[in-house]
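When you line the sequence shown up against the working numbering, it's residues 36 to 454, in that order.
C-beta atoms are modelled at their ideal positions from N, C-alpha and C, and glycine is treated no differently.
All values reported here derive from a predicted model rather than from experimental measurement.
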Amino acid sequence: MRKPKIWLYILFLVVVLVLSSSSALFSSITVGATEAPDHITLTWSGDPKTTQTITWRTGAGIVNGQVQFAEAAKVQLFPWQAATAAAGVEPLNTNVGDMGIHSVTLTGLKPGTRYIYRVGGSDGWSQPHYFTTAPATARPFTFLVFGDSQSINYDVWRTTAQQAYRATPEAVFFANVGDLVDVGQDYAHWNGWFAGVKGMIDTIPAMPVTGNHESYTPARVFSMPLFFTAQFKLPQNGPADLAGQVYSFDYGDVHFVMLDSQEGEQAKFVPNMLEQQKIWLEKDLQSTNKKWKIVFLHRPLFNNKEGEGDSHIRKVFAPVFDKYHADVVFTGHDHAYARTYPLHSGIRTYSTVTGTVYVATGRSGTKTYRNLIAKEWHEFFYSPADEPNYLTVEVNGGLLKVKAYKQSGVLIDAWEIHK
Ligand SMILES: [Fe+2]
């Protein structure tokens with residue numbers, strides 16, 4: 036007679052446990068903004084030597100946001116005697132609630148200097164964080180590159196990002212090659228993504244490009260990547276119709292160019308978007324005198340999948356990369372880690388003096404593909420089906436060193452370019 040009661044009790048406990056754990060997980064992903072600042076994000080929209088752009092979100096209706104900042108070496112009791120910069124705020128209406136995106140660019144900073152800062156205002160302040168400006172003259176530096184982080188569980192992305200930063204604390208910024216999230220116009224995904232980079236994105240800048248998934252709405256129709264451009268305040272020096280999505284910047288002796296390959300998703304909003312970028316790209320690459328030219332865009336020019344043909348992106352951009360000699364082009368989308376031989380006009384050149392190395396950067400989130408395959412243009416090919424991966428890039432004068440690691444730190448590939 037007593038057994039059914041015990042089983043009923045156990046069943047009740049199990050149901051309560053499952054419901055409470057799943058609701059905790061759900062609420063941690065879908066929760067909207069509060070009065071307290073979060074998603075504190077560093078980017079560069081100006082010169083990395085003398086400026087720092089800082090963005091954060093709060094609930095809607097919070098105004099008069101500020102950043103307090105000071106040179107870390109000089110301050111005794113922060114924020115006592117800290118300087119103050121007023122932030123602007125833009126409303127962002129999302130499927131998890133209305134929020135305010137606050138942003139300010141600090142200017143007139145000292146090169147090569149570590150600063151302490153906090154964000155907020157009368158409604159509450161964040162914890163203090165630190166950032167460091169770029170040195171006045173080129174010195175060796177390292178940055179991180181993450182392949183697609185789109186996930187069904189952003190804890191995986193968090194592990195990849197945090198492991199990479201722990202293993203590479205000298206990194207001065209990180210780049211994402213697009214498809215940061217699976218549904219770019221569903222803010223629940225951004226909650227997961229930002230939770231993954233807490234402690235990193237508030238300390239070193241993120242310099243991302245968009246992928247096709249940044250243009251997807253929950254109803255699976257195409258949109259401009261509005262949540263991306265709202266949150267990442269990037270240089271506005273690209274084509275006017277693609278401001279903040281297409282841009283270039285310099286760090287040390289490297290000229291970085293960030294492009295948008297989402298013709299399929301965005302052409303109805305921005306006609307001739309690739310051609311517009313090509314005209315801008317020609318001028319941009321013509322006018323730089325930096326030793327290195329590194330390009331990022333989401334879709335690959337040289338694919339890594341069975342049955343895929345030549346892309347329109349290759350026809351538009353490869354001749355420009357050839358003409359102005361881009362050293363390396365980092366791409367995403369295929370979730371393979373692979374690098375081509377140095378290529379010129381699509382043909383192996385046997386020399387990085389004349390050829391460009393195209394690198395598919397793998398995946399930093401959960402999504403894998405089974406139809407990845409090595410092609411004739413690949414010098415190295417690896418399918419990261421077992422573990423996510425990340426890349427480090429070290430620039431030291433005439434030496435560029437790239438390493439690809441599994442999430443757990445196992446080396447996948449290491450290669451160099453000398454000039
Ligand atoms: Fe993609």
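Residue i Cβ short of 8 angstroms to ligand 1 heavy atom set
{"i": "Arg334", "result": "yes"}
{"i": "Asp214", "result": "yes"}
{"i": "His347", "result": "no"}
{"i": "Gly246", "result": "yes"}
{"i": "Asp295", "result": "no"}
{"i": "Asp221", "result": "no"}
{"i": "His224", "result": "no"}
{"i": "Gly367", "result": "yes"}
{"i": "Asp133", "result": "no"}
{"i": "Asp73", "result": "no"}
{"i": "Asp448", "result": "no"}
{"i": "Asp158", "result": "no"}
{"i": "Asp319", "result": "no"}
{"i": "Asp362", "result": "no"}
{"i": "Asp82", "result": "no"}
{"i": "Asp458", "result": "Lying before the first or after the last residue shown, residue 458 is absent from the chain, which here runs from 36 to 454."}
{"i": "Asp237", "result": "no"}
{"i": "Asp27", "result": "For residue 27 there is no data in the structure shown, the boundaries of the chain being 36 and 454."}
{"i": "Asp421", "result": "no"}
{"i": "Asp288", "result": "no"}
{"i": "Asp183", "result": "yes"}
Supposed close pair residue i, residue j - CB separation, criterion 8 angstroms
{"i": "Gly400", "j": "Ser186", "result": "4 angstroms"}
{"i": "Ser418", "j": "Lys268", "result": "Rounded, the Cβ-Cβ distance is 35 angstroms, inconsistent with contact."}
{"i": "Tyr152", "j": "Ile236", "result": "The Cβ separation is near 14 angstroms, so there is no contact."}
{"i": "Leu294", "j": "Gln312", "result": "6 angstroms"}
{"i": "Thr78", "j": "Thr142", "result": "Incorrect: roughly 14 angstroms between the Cβ atoms, too far for contact."}
{"i": "Thr375", "j": "Val355", "result": "With 8 angstroms as the limit, Thr375 and Val355 do not qualify as a contact, their Cβ atoms being about 17 angstroms apart."}
{"i": "Gly135", "j": "Pro170", "result": "In fact, because the Cβ distance is near 34 angstroms, the residues do not count as touching under 8 angstroms."}
{"i": "Ala117", "j": "Ala105", "result": "4 angstroms"}
{"i": "Lys438", "j": "Leu426", "result": "7 angstroms"}
{"i": "Gly219", "j": "Pro260", "result": "5 angstroms"}
Per-residue burial, residue i [other beta carbons within 10 Å of its own, 16 or more giving buried]
{"i": "Leu446", "result": "exposed"}
{"i": "Trp115", "result": "exposed"}
{"i": "Thr366", "result": "buried"}
{"i": "Gln162", "result": "exposed"}
{"i": "Tyr440", "result": "buried"}
{"i": "Gly123", "result": "exposed"}
{"i": "Ala395", "result": "buried"}
{"i": "Asp214", "result": "buried"}
{"i": "Glu300", "result": "buried"}
{"i": "Val324", "result": "Just to set this straight, residue 324 is Asn in the shown sequence, not Val. Under this definition Asn324 is an exposed residue."}
{"i": "Val216", "result": "buried"}
{"i": "Val256", "result": "exposed"}
{"i": "Asp133", "result": "exposed"}
{"i": "Lys13", "result": "Outside the shown range of the chain, which is 36 to 454, sits residue 13, and nothing can be said about it."}
{"i": "Val388", "result": "exposed"}
{"i": "Glu341", "result": "exposed"}
{"i": "Tyr282", "result": "buried"}
{"i": "Pro423", "result": "buried"}
Per DSSP, the bridge partner or partners of residue i
{"i": "Val364", "result": "Val330, Tyr393"}
{"i": "Lys438", "result": "Thr427, Ala449"}
{"i": "Ile136", "result": "Arg92, Glu125"}
{"i": "Ala118", "result": "Phe104"}
{"i": "Ile382", "result": "His379"}
{"i": "Met293", "result": "Tyr282, Phe331"}
{"i": "Asn211", "result": "Phe181"}
{"i": "Val154", "result": "Val102"}
{"i": "Asp73", "result": "Arg92"}
Test: residue i CB closer than 9 angstroms to a CB of chain B
{"i": "Asp221", "result": "In summary, chain B is missing from the structure at hand, where a single protein chain is found."}
Three or more beta-carbon pairs under 8 angstroms between the segment 343-362 and the segment 259-276, yes or no?
No, because fewer than three Cβ pairs between the segment 343-362 and the segment 259-276 fall closer than 8 angstroms, the two stretches do not touch.
So does the segment 64-76 actually touch the segment 85-101, counting three or more Cβ pairs closer than 8 angstroms?
Yes, the segment 64-76 touches the segment 85-101.
If you pair each beta-carbon of the segment 195-205 with each one of the segment 155-164, do three or more pairs fall below 8 angstroms?
No, the segment 195-205 is not in contact with the segment 155-164.
Segment contact flag, the segment 281-289 with the segment 162-179, C-beta cutoff 8 angstroms, min 3 pairs:
For the pair of segments examined, the segment 281-289 was found to touch the segment 162-179: the number of CB pairs separated by less than 8 angstroms reaches three.
Mind the definition here: the segment 205-212 touches the segment 437-454 only if three or more C-beta pairs lie below 8 angstroms; say whether that holds.
Output reads no: the segment 437-454 does not touch the segment 205-212.
Does the segment 333-344 come into contact with the segment 232-249, if we say contact requires no fewer than three beta-carbon pairs (one atom in each stretch) closer than 8 angstroms?
These segments touch.
Three Cβ pairs or more, each shorter than 8 angstroms: is that satisfied between the segment 429-437 and the segment 403-413?
Under the 8 angstroms Cβ criterion, the segment 429-437 does not count as touching the segment 403-413, having fewer than three qualifying pairs.
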